[in-house]
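See structure below.
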């Protein structure tokens, strides 16, 4: 008997709200349900294990033949422990720093968000002074900028 299967869609891991439903329907031990990206197959893979696996902040798991530690993508970060129970990618997307007058101060790391600053070379300053005088952390504070009015012949400095 030969069964011909065709894929009509590209499988994605379930959203956090659907995760437990998929886990309970797929695995005897729901906490052991794992859905991760398989780097060798270039698609998401589902597994059932006896328990979830945990990785330190700034990292995630991928399947490369077996479970393997991977740094978060440059556009994402993971500020707390990563668990295979309910997660398939680093949880947060980094802030873009593209609001009016904003530019990137620092790209952050695999466990922290980008830091933004107001482009003082174009006359912008923070509406609300941030915790750090030169930059702000968008995931923790208001990073809105405004264009300062400057007397003729003078320029805005940091």
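Residue numbers (the working numbering): 499 to 656.
Built from N, CA and C at the ideal position, the CB exists for glycine as well.
**Cα-Cα separation between residue 634 and residue 648, rounded to whole angstroms** = Indexing the chain shown from 1 puts residue 634 at position 136. Indexing the chain shown from 1 puts residue 648 at position 150. If I take the Cα positions, the gap works out to 23 Å.
**Message:** Taking its Cβ as the centre, do 16 or more other Cβ atoms sit within 10 Å of residue 640, making it buried, or is it exposed?
**Reply:** Along the chain shown, one-based indexing puts residue 640 at 142. Residue 640 comes out exposed.
**Where residue 504 sits in the DSSP three-state scheme** = For this step, residue 504 is matched to residue 6 along the chain shown. Since pLDDT at residue 504 reaches only 47, below the 50 mark, its modelled position is unreliable, and the value read off the structure follows with that caveat. DSSP places residue 504 in coil when its eight states are reduced to three.
**Prompt:** Does DSSP classify residue 524 as helix, strand or coil?
**Reply:** Here residue 524 is taken as the residue at index 26 of the chain shown, counted from 1. In this structure, residue 524 counts as helix in the three-state DSSP scheme.
**Message:** By DSSP's criteria, residue 613 is part of a beta bridge. Which residues make up the other side?
**Reply:** Position 115 of the chain shown, counted from the first residue, corresponds to residue 613. Paired residue(s): 604.
**Asked** Can a CB atom of chain C be found closer than 7 Å to the CB of residue 532?
**Response** Note that chain C does not occur in the displayed structure, where there is just one protein chain.
**Message:** If the criterion is Cβ atoms closer than 7 Å, does the pair residue 588 and residue 612 meet it?
**Reply:** What you label residue 588 is simply residue 90 of the chain shown in a count that begins at 1. What you label residue 612 is simply residue 114 of the chain shown in a count that begins at 1. No; because the gap between Cβ atoms is not below 7 Å, this pair is not in contact.
**Item:** The beta strand (DSSP E) enclosing residue 657, as first and last residue numbers
**Value:** The chain is shown only over 499 to 656; residue 657 falls outside these bounds and no answer can be derived.
**Prompt:** Taking the C-alpha atoms as reference points, what is the distance between residue 539 and residue 565?
**Reply:** For the purposes of this step, residue 539 is taken as the residue at position 41 of the chain shown. For the purposes of this step, residue 565 is taken as the residue at position 67 of the chain shown. Approximately 14 Å between the Cα atoms of the pair.
**Asked** For residue 552, which option in 610, 579 and 619 has the closest C-alpha, if you only look at C-alpha atoms?
**Response** Taking the first residue of the chain shown as position 1, residue 552 is located at position 54. For the residues 610, 579 and 619, the minimum Cα distance to residue 552 belongs to 579.
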